[in-house]
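Protein chains in written order, with this note's numbering: chain A, -8 to 225; chain B, -8 to 225. Where a beta carbon is used, it is the ideal one built from N, C-alpha and C, also for glycine. Contents: one structure, followed by commentary.
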DNA sequence: ATTCTAAATGAACGGCATTCATTTAGTGAA
DNA sequence: TTCACTAAATGAATGCCGTTCATTTAGAAT
């Protein structure tokens, strides 16, 4: 009788009595997966500890047996996504093409996950295995191209800085530079905004403003970095 | 008697009876100033609508007669800070030196105000007069250096992207690249992190890691942008 | 005068991350 | 086997946060 009652309750309301369940309901992997699904459905505003728990059919407080804070959840998601950054070009392409490919992939992944950028940029990579794997592949690509070990990290950080900022730019509204009623006070700026990209050069296909700026900046930085290290190095 | 009581109450508890006061207590300027003071004392975690109201000796709901939301407060602060970005070099220095000066100033201002970066990067500049003034000065600097009007905004956006990312980097902890127990799985990366900046080149004074990466990236991007526009242009 | 609007109070509201006491299930040592 | 310990769940409670709303009062406009 008691057993039947418990089973019935489980089926009907998915209610569960207190206490440790026979087999664990949660794990880092399950939490990560549920968080990603939640984000893809409702965005980051939908990622709350309560919603996450609900999607895992668990009480919110249960999550805290597996993560210390919501920041920990974000770190799990971040490291998972870092695995989607494409570093394969470093194995096949010359340095400049490989950097361009990696950077674009990196930007595209995190343009869809802006709230993670402070997490990546500010939190140590300790215990973020996919992130470390990514850095190892990039470092190897730089070293193989002849970069001095003491300069690699600075160069990667510079590129990452540009990538993070560009990820924000992808999400900027089209009218971000519309000065509105203040336009007369900034005539040259307003004119430049209107003229932006007219007669789009053939080389860089101008699919949209963010891509054009990213392409321009990336090309400049790669060329500039190559030149910094000596013209014959790369 | 009634009057005396009210005055006493005002002195002792700064309590105020309901209703519109004889002269306005709040304004955009006062709110901005109070927010900045609050931020400089307690950081952005201390910037709450309740704390802001308290520092202005006002009820929290009173703020909503002057701003639509907390985002509005952030926008006020952002525009105020944009006035601190130094664009004076565009009037005196050649293009590359002026860009370098502006970019460093820009980064330094917002490195101390990271939570504003999403606000700058994502919100239209409409009704942000200081921000528009800054863009006008920068645009003029580019045009005077011979830049084509249709390319100016893309170049500025590319530089800004790098600046925003670099502002994050300033706030990264020193051990951000410490792989911890996973170091053996990324030997070249770990080695490069250790070797970072050894024998710091004489040219770029290496005050710290973030400055070194910023200096390297900025130099590269400026050189690359100048080259993109044709070697003789600048 | 009367009406309208601006600007304040104070009491609520719902949502959020997090904590804690409690319960239950497995694990390892005596 | 028993007993202590630890892991993993519940559910109630906490405190903070941004925001809304009814209300009150003061000045401005008709």
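Member of the options whose CA lies at the smallest distance from the CA of residue i
| i | options | result |
| --- | --- | --- |
| residue 105 of chain A | A:154, A:11 and A:19 | A:154 |
| residue 216 of chain A | A:150, A:11 and A:180 | A:150 |
| residue 160 of chain B | B:98, B:136 and B:212 | B:98 |
| residue 127 of chain B | B:214, B:77 and B:13 | B:77 |
| residue 68 of chain A | A:177, A:35 and A:26 | A:26 |
| residue 100 of chain B | B:134, B:29 and B:162 | B:162 |
Cutoff 8 Å: residue i Cβ touching any chain B Cβ
| i | result |
| --- | --- |
| residue 99 of chain A | no |
| residue 199 of chain A | no |
| residue 95 of chain A | no |
| residue 104 of chain A | no |
| residue 77 of chain A | no |
| residue 154 of chain A | yes |
| residue 30 of chain A | no |
| residue 157 of chain A | yes |
| residue 140 of chain A | yes |
| residue 187 of chain A | yes |
Neighbour list for residue i in chain A, Cβ cutoff strictly below 7 Å
| i | result |
| --- | --- |
| residue 171 of chain B | 117 and 118 |
| residue 184 of chain B | 144 |
Closer than 8 Å to chain A by CB, residue i
| i | result |
| --- | --- |
| residue 109 of chain B | yes |
| residue 148 of chain B | yes |
| residue 89 of chain B | no |
| residue 33 of chain B | no |
| residue 63 of chain B | no |
| residue 190 of chain B | yes |
| residue 68 of chain B | no |
| residue 121 of chain B | no |
| residue 38 of chain B | no |
| residue 203 of chain B | yes |
| residue 82 of chain B | no |
| residue 207 of chain B | yes |
Whole-angstrom distance between residue j and residue i, CA atom to CA atom
| i | j | result |
| --- | --- | --- |
| residue 31 of chain B | residue 19 of chain A | 38 Å |
| residue 219 of chain B | residue 200 of chain B | 28 Å |
| residue 79 of chain B | residue 170 of chain B | 42 Å |
| residue 140 of chain B | residue 198 of chain A | 19 Å |
| residue 6 of chain B | residue 132 of chain B | 53 Å |
| residue 102 of chain B | residue 166 of chain B | 18 Å |
| residue 204 of chain A | residue 148 of chain B | 6 Å |
| residue 72 of chain A | residue 190 of chain A | 37 Å |
| residue 180 of chain A | residue 96 of chain A | 31 Å |
| residue 91 of chain A | residue 49 of chain B | 53 Å |
| residue 40 of chain A | residue 113 of chain B | 26 Å |
| residue 63 of chain A | residue 14 of chain A | 23 Å |
| residue 38 of chain B | residue 75 of chain A | 36 Å |
| residue 28 of chain B | residue 137 of chain B | 41 Å |
Contacts that residue i makes with chain A (C-beta to C-beta distance below 8 Å)
| i | result |
| --- | --- |
| residue 85 of chain B | Result: empty, since nearest Cβ-Cβ is about 17 Å, beyond 8 Å. |
| residue 71 of chain B | Chain A residues near residue 71 of chain B: none, gap ~16 Å exceeds 8 Å. |
| residue 168 of chain B | 115, 116, 126 and 144 |
| residue 134 of chain B | 179 and 183 |
Cβ-based burial, residue i [other Cβ within 10 Å; buried from 16]
| i | result |
| --- | --- |
| residue 184 of chain B | buried |
| residue 122 of chain A | buried |
| residue 156 of chain A | buried |
| residue 187 of chain B | buried |
| residue 33 of chain A | exposed |
| residue 172 of chain A | exposed |
| residue 119 of chain A | buried |
| residue 208 of chain A | buried |
| residue 83 of chain A | exposed |
Residues that residue i contacts on chain A, provided the C-beta gap is smaller than 9 Å
| i | result |
| --- | --- |
| residue 49 of chain B | What residue 49 of chain B touches in chain A: nothing, since even the nearest Cβ is about 29 Å away. |
| residue 131 of chain B | 179 and 180 |
Beta-carbon neighbours of residue i, restricted to chain B and to distances below 8 Å
| i | result |
| --- | --- |
| residue 210 of chain A | 215 and 219 |
Under 7 Å from the C-beta of residue i: neighbouring residues of chain B
| i | result |
| --- | --- |
| residue 175 of chain A | By Cβ distance, chain B contributes nothing, its closest Cβ being about 10 Å from residue 175 of chain A, past 7 Å. |
| residue 164 of chain A | 115 |
| residue 112 of chain A | 159, 160 and 163 |
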